[in-house]
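Everything in the sequence shown is counted per the working numbering, starting at 783 for the first residue and increasing by one.
A short worksheet on the structure shown next.
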Amino acid sequence: MKVALLSESPADEAALRILVAAVIGPVRFVAQGFRARGWPNVVQLLPSVIRHLHFNTDVDVLVAVADSDDSVVHTDVHERPNYFHPQCRVCQMRAVFRQTSRKLPPAHGRDRVLRGVGVAVPAIEAWYLCGRDPEVTEAAWLDGQATGRQPYSRAELKYRVYGTDRPSLPHEIDCALREVARHRADPRRLEHDFPGFGALARDLRAVPPTVNRH
Numbered sequence: 783m784k785v786a787l788l789s790e791s792p793a794d795e796a797a798l799r800i801l802v803a804a805v806i807g808p809v810r811f812v813a814q815g816f817r818a819r820g821w822p823n824v825v826q827l828l829p830s831v832i833r834h835l836h837f838n839t840d841v842d843v844l845v846a847v848a849d850s851d852d853s854v855v856h857t858d859v860h861e862r863p864n865y866f867h868p869q870c871r872v873c874q875m876r877a878v879f880r881q882t883s884r885k886l887p888p889a890h891g892r893d894r895v896l897r898g899v900g901v902a903v904p905a906i907e908a909w910y911l912c913g914r915d916p917e918v919t920e921a922a923w924l925d926g927q928a929t930g931r932q933p934y935s936r937a938e939l940k941y942r943v944y945g946t947d948r949p950s951l952p953h954e955i956d957c958a959l960r961e962v963a964r965h966r967a968d969p970r971r972l973e974h975d976f977p978g979f980g981a982l983a984r985d986l987r988a989v990p991p992t993v994n995r996h
């Protein structure tokens, strides 16, 4: 299987390469991923990236991951047939995949580029802390949204991961790779504590067996 990545930073991409392989085993990644500059740019870029990959490459799956920040968190209610929450970033990215792909004719022996969508709540640094900081979970963030009392801030998460509020890019990448190494052999703890990652894992595992996974 050939996979392309759309993420918000080179550190995110480095970590996602490990996490995607942890879910479905060895895959081939496009040499360089696509980069978005924050959330609005993710949904702006996504249609053009899908069209480019569909017509100009043999990529099987596009994995797109963004931070949730303070947006509505995707929940089981959002998984109901035909349900769409306009402030949920998982719902929004899935809608972009649907709306873009249905307009495209078959190309390179496939009907469409398959989707892999994940949203890190509230930021990807929370995923990095999974397994070593038990108070950092998606459920804790949801409780904070419901009560109006944040369990932690995004800035605090970054400091816990990087040990500084102004990490260099090489330091970010080193820390990200060190943290996700805990999940290389078994990502189930990450899927349990962070359903936004679980949604991505389900997308990846739903890839038809006819797509070569090696």
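Don't be surprised by glycine CBs; every beta carbon is placed ideally from N, CA and C.
### Query
Out of curiosity, what's the CA-to-CA distance linking L924 and G807?
Distance between the alpha carbons of L924 and G807: 31 Å.
### Task
Could you spell out where the beta strand (DSSP E) holding L896 opens and where it closes?
Start and end: 896-902.
### Query
Along the chain, where does the alpha helix (DSSP H) that runs through L951 open and close?
Where L951 is concerned, the enclosing alpha helix (DSSP H) stretches over 951-962.
### Task
Rank A981, A937, V962 by C-alpha distance to the C-alpha of A804 and give the top, closest one.
Of the residues A981, A937, V962, the one whose Cα lies closest to the Cα of A804 is V962.
### Query
My guess is that L896 and V847 are in contact by the Cβ rule of under 8 Å, so how many angstroms apart are they, rounded?
Between V847 and L896 the Cβ distance is about 15 Å, and since that is not below 8 Å, they are no contact.
### Task
Sort out for me which residues DSSP pairs R892 with in a bridge.
Per DSSP, the beta bridge partners of R892 are A889.
### Query
P933 to V855, Cα distance in whole Å?
Each residue's CA atom was taken as its position, placing P933 and V855 some 15 Å apart.
### Backbone secondary structure at D947 - three-state DSSP
Judged by DSSP in its simplified three-state form, D947 adopts coil rather than helix or strand.
#### Entry: Three-state class that DSSP yields for D840 in the structure shown
Coil.
#### Entry: Chain-order list of residues whose beta-carbon lies under 8 Å from that of E920 (same chain, five-residue window excluded)
V855, V903, A908, D975, F976, P977, G978, listed in sequence order.
### Task
Helix, strand or coil for V993, going by three-state DSSP, please let me know.
Residue state, collapsed to three classes: coil.
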